[in-house]
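Some notes on the structure that comes next.
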Amino acid sequence: GGQACCAATRTFVQDTIYDAFVKKAAARAAKRKVGDPFNAETEQGPQVDEEMFTKALQMIESGKKEGAKLETGGSRIGDKGYFIQPTVFSNVTDNMTIARQEIFGPVQQILKFSTVEELVERANNTSYGLAAGIVTNDLNKAIAFAKASQAGSVWVNCFNIVHQQAPFGGYKESGFGKDMGEEAIHEYLNIKTVTIALPSLTK
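Structure, rendered in structure tokens:
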């Protein structure tokens with residue numbers, strides 16, 4: 001249901017493949033199986049509670065009002081539970097609320113970019129910095145993006161892969177400290193400084 005701290009809600013797509021990508025993304029979203037999270041075939045469950053359900057729907061409405069194009073979804077499913085249709089927006093701009101706030105709902109915003117330099121600048125123009133990802137056949141571009149990205153985790157040609165041995169945590173408003181890895185140990189330690197005045201050794 002998009003209720004993951006590193007859900008890839010902002011999707012920047014190269015301008016040369018933008019239209020084709022939007023079409024495929026909307027078709028895939030429309031096919032997602034929504035239902036009982038205890039069913040192994042379910043791809044998307046309900047929102048966790050009424051508050052998050054309402055927030056997600058309000059964010060969807062803001063996307064419509066601010067000029068994003070609704071490609072699929074955008075509504076509640078049925079009248080029981082907190083289920084929301086998988087939702088995809090295109091023609092999203094950086095200043096729109098759905099592109100600047102964490103939604104924690106099944107909402108994807110697809111933005112268009114031309115160059116990697118532009119991509120990095122726009123992707124970093126956010127208050128958050130938990131995770132980022134890039135899909136490319138060009139390793140040099142991938143490395144350049146990873147170095148410049150203001151995010152605690154960067155995934156290349158994959159997403160949401162977490163290892164116990166590697167630290168996980170964000171920059172900016174995405175939290176303090178790290179989980180997992182050696183760095184996580186520091187979250188459980190209290191460091192103390194003790195200063196002792198020694199007798200003079202000149203006597």
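Residue numbers for the sequence shown follow the UniProt record's numbering, beginning at 1 and rising by one.
For every residue, glycine included, the Cβ atom is placed at its ideal position computed from N, Cα and C.
Residue from the options with nearest C-alpha to residue i
i: V48; options: T42, G2 and T87; result: G2
i: R155; options: G81, A131, Q109 and N125; result: One detail in the question is off: residue 155 reads as Trp in this sequence, not Arg. Of the listed residues, the one whose Cα sits closest to W155 is A131.
i: A184; options: H163, F12 and A148; result: H163
i: L189; options: T195, I196 and K178; result: K178
i: G133; options: K31, N95, F145 and E50; result: F145
Simplified DSSP state of residue i, which is helix, strand or coil
i: K172; result: strand
i: V154; result: strand
i: K192; result: coil
i: G63; result: helix
i: E51; result: helix
i: L70; result: strand
Whole-Å CB distance - residue i paired with residue j, under 8 angstroms assumed
i: K80; j: D15; result: That pair is no contact at about 42 angstroms.
For residue j and residue i, the rounded distance between their alpha carbons
i: T11; j: K192; result: 44 angstroms
i: N91; j: H186; result: 43 angstroms
i: P199; j: E182; result: 39 angstroms
i: C158; j: T136; result: 10 angstroms
i: I110; j: V194; result: 54 angstroms
Short Cβ contact (8 angstroms threshold) for residue i with residue j
i: Q108; j: A4; result: no
i: F89; j: A56; result: no
i: T54; j: G73; result: no
i: M59; j: I98; result: yes
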